[in-house]
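Protein chains: 2
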Amino acid sequence: MSETTATPRSAAVHRALRRAVLEQALKPGTRLPEDTIGEQFGVSRTIVRQALTRLEAEGLVETLPNRGAFVATPSLEEARQIFEMRHCLEREVIARLAGQMSLPGLDALDAHVTQEERVRGKDGPVSIRLAGEFHILLAELTGNGILARYVAEMVSRCSLILAVYGRTHSSDCAVEEHREIIRALRDGDAEKAMAIMDAHLGAVAGRAELTAGPEPDLASVLARYGRDQTP
Amino acid sequence: MSETTATPRSAAVHRALRRAVLEQALKPGTRLPEDTIGEQFGVSRTIVRQALTRLEAEGLVETLPNRGAFVATPSLEEARQIFEMRHCLEREVIARLAGQMSLPGLDALDAHVTQEERVRGKDGPVSIRLAGEFHILLAELTGNGILARYVAEMVSRCSLILAVYGRTHSSDCAVEEHREIIRALRDGDAEKAMAIMDAHLGAVAGRAELTAGPEPDLASVLARYGRDQTP
DNA sequence: TTCGCTGAGATAGTATACAATCTTTGAATC
DNA sequence: GATTCAAAGATTGTATACTATCTCAGCGAA
Chain A
22 MSETTATPRS AAVHRALRRA VLEQALKPGT RLPEDTIGEQ FGVSRTIVRQ ALTRLEAEGL
82 VETLPNRGAF VATPSLEEAR QIFEMRHCLE REVIARLAGQ MSLPGLDALD AHVTQEERVR
142 GKDGPVSIRL AGEFHILLAE LTGNGILARY VAEMVSRCSL ILAVYGRTHS SDCAVEEHRE
202 IIRALRDGDA EKAMAIMDAH LGAVAGRAEL TAGPEPDLAS VLARYGRDQT P
Chain B
22 MSETTATPRS AAVHRALRRA VLEQALKPGT RLPEDTIGEQ FGVSRTIVRQ ALTRLEAEGL
82 VETLPNRGAF VATPSLEEAR QIFEMRHCLE REVIARLAGQ MSLPGLDALD AHVTQEERVR
142 GKDGPVSIRL AGEFHILLAE LTGNGILARY VAEMVSRCSL ILAVYGRTHS SDCAVEEHRE
202 IIRALRDGDA EKAMAIMDAH LGAVAGRAEL TAGPEPDLAS VLARYGRDQT P
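Read top to bottom, the protein sequences are chains A and B. At position 104 of the first sequence the residue is numbered 125 (the numbering used here), and the sequence of numbers has no breaks. At position 214 of the second sequence the residue is numbered 235 (the numbering used here), and the sequence of numbers has no breaks.
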């Protein structure tokens, strides 16, 4: 995940904003004024601007000239393309891992899913994030950092899509499917792992309806995400 | 290819630098001091910094804290990963296009290769760039912008790899292979198209030795790339 | 000679001031 | 009452000034 971070300060802002978006604390379309954010983090607009530039490159933020930055709102067409791309990439991941999993790798996956189970139902936002990070972890285990980065990007943007078009994140089934994927990978059953992944991603893509929640206060969200908790 | 460009000025610097890197006018490891670049383009460091940030996100530039930006020098391991990823993505492109090519699409490809033939042997740098853009055009024809963006990124970074590890760019064979790929796609022969693409990419990846050229003058290079010729 | 220190120069990191642009509010007119 | 224009406010775009850090040359001591 981690590129050579340019500077620690803007990296911190970048991380915090990214997390807030991924946990759907900042909903698509939310305005991201530079000075409001800078004020919250105690940095100047210069720093914020760098973070926003990077987020834009990742597709999590859209900026309009002279209008500023907004949390990206994927169109239906974009959503379709992102799901397609994610599907393609994750098939590649499965193909590379099936039957080739190291013991430490399997342990790491197990540990992650255990963590998912621990917060299931308790902390919605964290649960959403962990579900995505399972797929990123999987991609990282291939050893190909580029592949992992692309998967991470697609997972992030899927989170955005679900925030726009999705119903509630039903994490119950997801966790069990994650276990099944691990099992199939351990057994070297590439076909089965692929099938489960297809179903899993299909399920994710399936949740596509319209919902509208209340607009949360930007400052209060940022106050929560300011402290850089690593978990 | 084109995201929502933040601001025209930094976008221009970004394009120019990118082009210079892709045409190997700026070789890997070249230092990219902010004020030297800013001076050349008549903009402040602020603008240059934005451009460099974007280039870093694309993997074309690496920055070291308090040391500044350099044209990225891919390690052998990165090179391997990039070729793997490119291979995976381009297979996806072929799979989607085989037998589904529209007439305008085929025309566009033909026109591009014709352009490649026109500059073959005459303008080395442009020839390198056009060869890469053939693959990007192919990816764009799938209609999936994300896929196209990723292919574009991999093509760019391959260009960087060849600049470090490659021998001379033998564009002669490449152009003919491009024609063959078009033919196979037109005939709907997915297997053949895939095989040619495999061979083609294998040939690209195959050129891996060590070379070292003379260091060109940064200012003179930028002077050439300052004028934003669109072709 | 070599090693280490010190200070000058250069360059990136950051904040801020100012300019340009957009949005919005309010009033005047139809 | 609706519409249009204008001015004020807000926010982004850009340049620049200042600070922190790194690099390297020069000098002195072992």
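A virtual CB, placed ideally from N, CA and C, is assigned to each residue, including glycine. Note that this is a predicted model, so its numbers are computed, not measured.
Going by beta carbon distance, what residues of the same chain come within less than 7 Å of A93(A), once the five residues before and after it are set aside? Correct list, in chain order: P49, G80, L81, V82, E83 and L181.
So, for G89(A): in the same chain, excluding its five sequence neighbours on each side, which residues have a beta-carbon less than 8 Å away from its beta-carbon? Cβ neighbours of G89(A) beyond the five flanking positions: R52, L53, P54 and E55.
Could you list which residues in chain B have their beta carbon closer than 7 Å to that of R75(A), in chain order? Under the 7 Å cutoff, chain B gives T74 and A78.
Could you name the residues of the region 137–164 of chain B whose beta carbon sits closer than 7 Å to any beta carbon of chain A, in the order they occur along the chain? For the region 137–164 of chain B, the set of positions with a beta-carbon nearer than 7 Å to some beta-carbon of chain A is empty.
At what residue ranges does the region 54–124 of chain B contain a whole run of the beta strand (DSSP E), taking only runs of 3 or more? Runs of the beta strand (DSSP E) inside the region 54–124 of chain B: 82–85 and 89–92.
Enclosing alpha helix (DSSP H) for L162(A) [first to last residue]: It is not in any alpha helix (DSSP H) - L162(A) carries neither H nor E in the DSSP assignment.
Residue nearest to L43(A) in terms of C-alpha spacing, selected from L206(A), A205(A), G153(A) and G166(A): Taking the Cα of L43(A) as reference, the smallest distance to any Cα among L206(A), A205(A), G153(A) and G166(A) is reached at G153(A).
List, in order along the chain, the chain B residues whose C-beta lies closer than 8 Å to that of M106(A)? Correct list: N165, I167, L168 and Y171.
Could you check the C-alpha separation between V34(B) and Q61(B) for me, to the nearest Å? Roughly 10 Å separates the two Cα atoms.
Can you give me the C-alpha to C-alpha distance between V114(A) and L159(B), rounded to a whole angstrom? Straight-line Cα distance between these residues: approximately 24 Å.
Among I202(A), L183(A), T57(A) and R30(A), which one has its Cα closest to the Cα of P146(A)? Ranking I202(A), L183(A), T57(A) and R30(A) by Cα distance to P146(A) puts L183(A) first.
Quick one: what's got a C-beta closer than 8 Å to L110(B)'s C-beta in the same chain, skipping five residues either side? Shown here for L110(B): same chain residues with a beta carbon closer than 8 Å to its own, the five before and five after excluded, namely A160, L168, Y171, V172 and M175 in chain order.
Does the separation of the CB atoms of L206(A) and A119(A) fall below 7 Å? Less than 7 Å separates the beta-carbon of L206(A) from that of A119(A).
Supposed close pair R107(B), L222(B) - CB separation, criterion 8 Å: Rounded, the Cβ-Cβ distance is 7 Å, consistent with contact.
Cutoff 7 Å: C179(B) Cβ touching any chain A Cβ: Answer no: the Cβ-Cβ gap between C179(B) and chain A never drops below 7 Å.
In chain B, which residues lie with their C-beta within 8 Å of the C-beta of E113(A)? Those within 8 Å of E113(A) in chain B are C109.
From A41(A) to D210(A), what does the alpha carbon distance come to, in whole angstroms? Between the alpha carbons of A41(A) and D210(A) lies a gap of roughly 37 Å.
Separation of D144(B) from L231(A), as counted between CA atoms: Confidence at L231(A) is low in this model, with a pLDDT of 30, below 50, so the placement of that residue should be treated as unreliable; the coordinate-derived value is given next. Whole-angstrom Cα-Cα distance: 54 Å.
Counting contacts by CB-CB distance shorter than 7 Å, is Q121(B) in contact with chain A? Answer no: the Cβ-Cβ gap between Q121(B) and chain A never drops below 7 Å.
Looking at the C-beta of Q61(B), does it have a partner C-beta in chain A at a distance below 7 Å? So, not an interface residue.
State buried or exposed for P95(B), treating a residue as buried only when at least 16 other CB atoms are found within 10 Å of its CB. Buried, by the Cβ-count rule.
Whole angstroms are fine: how far does the CA of M218(A) sit from the CA of G164(A)? Their backbone Cα atoms lie some 19 Å apart in a straight line.
In whole angstroms, what separates the C-alpha of R255(A) from that of T135(A)? Chain A is shown only over 22 to 252; residue 255(A) falls outside these bounds and no answer can be derived.
Within 7 Å of any Cβ in chain A, is that where the Cβ of Q45(B) sits? False, the Cβ-Cβ gap to chain A never drops below 7 Å.
How would you write the range of the alpha helix (DSSP H) that L38(A) sits in, first residue to last? From DSSP, the alpha helix (DSSP H) with L38(A) extends over P29 to L43.
Going by the CB atoms, is the gap between V69(A) and R30(A) shorter than 7 Å? Not in contact: R30(A) and V69(A) (Cβ atoms no closer than 7 Å).
Can you tell which of T28(A), R204(A) and D208(A) has its C-alpha closest to the C-alpha of L85(B)? Closest by alpha carbon: T28(A).
Mapping DSSP to helix, strand and coil, what is R5(A)? Given that chain A is displayed from residue 22 to residue 252, the structure contains no residue 5(A) and the question cannot be resolved.
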